[in-house]
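Beneath this line is the structure, given in structure tokens, with notes to follow.
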Amino acid sequence: MDQGECGMEGRNDRKKLVFIVPRPFSKVSELSKYEDLSAHYQGVILSSCYGHMLKVTNVGNFRVIFTKIRYDHYLMYNILFFLRCVAFALAARVKRDRYDLVVTYDPLKTGVWGAITAGILNAKFAPEVNGVYTSPAEYMDGAETLSVKLKKFFYPRIEAWVLKRADGVKLLFPTQVDPFKPVMKTRVIHSFS
226 MDQGECGMEG RNDRKKLVFI VPRPFSKVSE LSKYEDLSAH YQGVILSSCY GHMLKVTNVG
286 NFRVIFTKIR YDHYLMYNIL FFLRCVAFAL AARVKRDRYD LVVTYDPLKT GVWGAITAGI
346 LNAKFAPEVN GVYTSPAEYM DGAETLSVKL KKFFYPRIEA WVLKRADGVK LLFPTQVDPF
406 KPVMKTRVIH SFS
């Protein structure tokens, strides 16, 4: 076996990750953490960007699939991004391209997308929890509007649905998901303070 074959064999042994990151990348340098992860992992980054970054297709050992963001059509962008996640997962499943872990940016919108993507891929799922959606402080940004009332009602329920399907969770602090522990199957919880 020559060195080229040996190098390729080593690459195939790497764990394969899928990152679902909806926030738009505006500079290639913002993708540098994936370069660092390439030392041990490979996979796909499903993200969004403004038009000028659409030419970026790889960062280290990660393939990048961008959805162009347009704030004037934000609902359509969200639908397109979700469909892109599902289409990616279905195509990988048909090709028998196995992934080990799906990681999402939050336990709400992308958490739902990630849980569905991980289910299609038959992969483990780990959302990041970046807020305390059961806390009244989360909703103190103004008057008690219909929008705020709907968020107070739906956000904890969506988070519970997502965390029930998580195999691991990344937290900001250890007690962040205490209200959801009765529904969570995972005991792999890490906080970074």
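Here the sequence shown is numbered in the numbering used here, starting from 226 and rising by one per residue. Cβ coordinates follow ideal geometry from the N, Cα and C atoms, glycine included.
Should the region 345-358 be called in touch with the region 387-397, which here means at least 3 C-beta pairs below 8 Å?
yes
- Task: For Phe378, count neighbouring C-beta atoms within 10 Å of its own C-beta (all shown protein chains included) and say buried if the count is 16 or more, exposed if not.
- Result: exposed
Practice item. Could you tell me the boundaries of the alpha helix (DSSP H) in which Ser372 lies? Key: 371-389
- prompt: Using CA coordinates, which residue listed in Ile345, Pro332, Ala368 is at the minimum distance from Lys389?
  reply: Pro332
Practice problem: Could you say which of Ala316, Val253, Val373, Ser263 lies nearest to Lys280 if we only look at CA atoms? | Solution: Val253
*Using 8 Å as the limit for Cβ to Cβ distance, is Gly339 near chain D?*
Although the question refers to chain D, the structure presented lacks it and comprises just one protein chain.
- Closest Cα partner of Leu308 within the set Val289, Gly339, Tyr296: Gly339
Could you tell me which of Tyr380, Pro381, Arg382, Lys406 sits nearest to Asp392, measuring between CA atoms?
Lys406
Exercise. For Gly268, does the count of other Cβ atoms within 10 angstroms reach 16, so buried, or fall short, so exposed?
Worked result: buried
- Give the secondary structure of Ala351 by DSSP, where H, G and I count as helix, E and B as strand, and everything else as coil. strand
> For Pro249, which option in Tyr296, Ser372, Gly344 has the closest C-alpha, if you only look at C-alpha atoms?
Replying inline: Tyr296
On the DSSP bridge list, what partners appear for Gly268?
Leu242, Phe287
Can you check which of these residues, Ile345, Gly336, Leu242, Asn303, is closest to Ala316 by C-alpha distance? Ile345
Separation of Ile383 from Leu371, as counted between CA atoms | 18 Å
Rounded to whole angstroms, how far is the Cβ of Ser273 from the Cβ of Phe291, which I believe are closer than 8 Å?
6 Å
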